[in-house]
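**Student:** After the structure tokens below, expect a handful of questions from me.
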Amino acid sequence: MTHAGKLTPQALQALQAALAAEHAAIYGYGIVGAMVSGADQALALTDWKLHQEARDTLEAMIVNLGATPVAASVAYRLPFAVRDAQSARMLAVTLEDGVTQAYLGLVAVTEQALRVFGALAMQPPANRAASWRGSTVAFPGMPSGSITKVLSRPGHGRSLSRGAGLTRLTRGRAAGRAPGR
Amino acid sequence: MLAASVTTLPFFAALSGCDGRDLLPGLASPPPLSADVRALFAAVAAEEDLVSLYKRTVAAYSALAPALTPLLAEHLAHLAQLRARIIEPPGKRVPHTVTSRPPVPAAPAAAVALLRAAERAASTDQLRRLNGAAPSLAQLYASIAASEATHVAALDHSPA
């Protein structure tokens, strides 16, 4: 892997943003898992573990680049109140959309290997978002404002804006399966 | 000023014994398409093929319409986005025709399997377009590739 000094600052920043989104998702799935039951709870546990694996991958990449991985926050402010299973499932969608968007940020860097990594890494969270949402979207990871002008069906394909993910309570702001289960 | 210069070109051309295209070779033929435009043309053509396959499958198996119509709508949205990124260059038309028209299989399950394979192939092709693409275009290709990956999963659970 390339040394951090050979990466553009934007590329390293995008990697750190993806890691921050994974941290937020790991925290958020703790809440999701506590509010759902049965098959949804098993799914939340599986997804929670997958985000931990993704976090470990990103941390290893950043360390190998000679940089210090961004740390998880102690706690995060939720984007909305989570009081029941339905709002917990909505939170899972929000978490996955936030991670998808963060990986899409990697696709804009000039380093081709990181582009491909980001493009492939955004597919599992896009699939999990579709699974929790119960439907697919046209443009996973894209902020809604960037695509609505030419969509044939206004509102369809809406994705969450960058600020819609969890918010770190102690430091700065974090980036935010089969459908129809 | 530009107009005056252009109108005087034939005069100078006559003096030099050559036509205007020798003086301004760029005017003789349209410039070659950039790599980004070529990739966009290919992406548009691929989406046209997918849209055609979905439409013909829905026409053949109406029972699949509830599952396939939302996915078709997303492909139409992809197509609109890709087309919106192209300013049609001189002498070239953005593809409007279907280049590949495989027959819809005789059984619904096989038809869904064909769609699934087409989605998977299309997603892989989008990733090949990332190399050297402008950042915003690369993100569009990656987002469409992710959308197509979710379609593969959705088709795994379709009623066929």
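In the order they appear, the protein sequences are chains A and B.
In this text, residue positions in the first sequence follow the working numbering: the first is 2, and each later residue adds one.
In this text, residue positions in the second sequence follow the working numbering: the first is 321, and each later residue adds one.
Here a beta-carbon is modelled for each residue, glycine too, at the ideal position from N, C-alpha and C.
(1) Starting from the C-beta of ALA380/B, find all residues in its chain whose C-beta is less than 8 Å away, skip the five residues before and the five after it, and write them out in chain order.
(2) Which residues share a DSSP beta bridge with ARG78/A?
(3) Closest Cβ-Cβ distance between PHE140/A and chain B: below 8 Å?
(4) Quick check: LEU184/A and LEU46/A, are their CB atoms within less than 8 Å of each other?
(5) At a CB distance below 7 Å, what residues from the segment 392 to 408 of chain B approach chain A? Give them in sequence order.
(6) Helix, strand or coil for HIS477/B, going by three-state DSSP, please let me know.
(7) Run through DSSP, which three-state label would ALA103/A get?
(8) Closer than 8 Å by beta-carbon distance: list the chain B residues that pair up with THR101/A, in chain order.
(9) Please classify ILE407/B as buried or exposed, where buried requires at least 16 neighbouring CB atoms within 10 angstroms.
(10) Does the pairing of the segment 131 to 143 of chain A with the segment 95 to 107 of chain A give three or more beta-carbon distances under 8 Å?
(11) Just to confirm before moving on: does the CB-CB distance between VAL472/B and GLU439/B stay below 8 Å?
(12) Three-state secondary structure (DSSP) at HIS395/B?
(13) Between VAL326/B and chain A, is there a C-beta pair that is closer than 8 Å?
(14) Indicate whether the contact test is met: 3 or more Cβ pairs, each with one atom in the segment 76 to 95 of chain A and one in the segment 109 to 128 of chain A, closer than 8 Å.
(15) Counting only beta-carbon separations shorter than 8 Å, does PRO428/B have a partner in chain A?
(16) Three-state secondary structure (DSSP) at ALA376/B?
(17) So with CB distances below 8 Å, who are the chain A contacts of LEU447/B?
(18) How many whole angstroms separate the CB atoms of ALA12/A and LEU105/A, which I take to be in contact at a CB cut-off of 8 Å?
(19) Please return the same chain residues whose Cβ sits closer than 6 Å to the Cβ of ALA73/A, not counting the five positions on each side in sequence.
(20) What is the rounded straight-line gap between the Cα of ALA122/A and the Cα of ALA385/B?
(21) Check each candidate in PRO428/B, LEU370/B, ARG405/B and GLN459/B and name the one with the smallest Cα separation from ARG421/B.
(22) Whose C-beta lies closer than 8 Å to the C-beta of ALA324/B among residues of the same chain, with five residues either side of it excluded?
(23) Kindly list the residues whose CB is nearer than 7 Å to the CB of LEU360/B, restricted to its own chain and excluding five residues on each side of it in sequence; keep chain order.
(24) Count the other CB atoms, across all protein chains shown, that sit within 10 Å of the CB of GLU410/B; report buried if there are 16 or more and exposed otherwise.
(25) Mind checking HIS52/A: buried by the 16 CB within 10 Å criterion, or exposed?
(26) Kindly list, in the order they appear in chain A, the residues whose Cβ is closer than 8 Å to that of LEU388/B.
(27) Going by beta carbon distance, what residues of the same chain come within less than 7 Å of PHE118/A, once the five residues before and after it are set aside?
(28) Strictly below 8 Å CB to CB, what residues from chain B border THR137/A?
(29) Determine, for LEU450/B, whether the minimum Cβ-Cβ distance to residues of chain A falls below 8 Å.
**Tutor:** Quick look at the numbers:
(1) VAL424 and ALA431
(2) THR168/A
(3) yes
(4) Here chain A comprises residues numbered 2 to 182, so residue 184/A is not present and cannot be evaluated.
(5) ALA393, GLU394, LEU396, ALA397, HIS398, ALA400, GLN401 and ALA404
(6) coil
(7) helix
(8) ALA466
(9) exposed
(10) yes
(11) yes
(12) helix
(13) Note that VAL326/B scores 43 on pLDDT, short of 50, meaning its location in the model is unreliable; the coordinates nonetheless yield the value given after this. Judged by the 8 Å Cβ criterion, VAL326/B is not in contact with chain A.
(14) no
(15) no
(16) A small correction: the amino acid at residue 376/B is Arg; Ala does not occupy that position in the sequence shown. Helix at ARG376/B.
(17) VAL117, ALA120 and LEU121
(18) About 14 Å; that fails the 8 Å criterion.
(19) HIS24
(20) 31 Å
(21) LEU370/B
(22) Its pLDDT being 38, under 50, ALA324/B is placed unreliably in this model, and the value from its coordinates should be taken loosely. Cβ neighbours of ALA324/B beyond the five flanking positions: none.
(23) LEU402, ARG405 and ILE406
(24) For the record, residue 410/B in the displayed sequence is Pro; it is not Glu. By the 10 Å Cβ count, PRO410/B comes out exposed.
(25) buried
(26) What LEU388/B touches in chain A: nothing, since even the nearest Cβ is about 12 Å away.
(27) LEU107
(28) PRO390, LEU391, GLU394, SER467, THR470, HIS471 and ALA474
(29) yes
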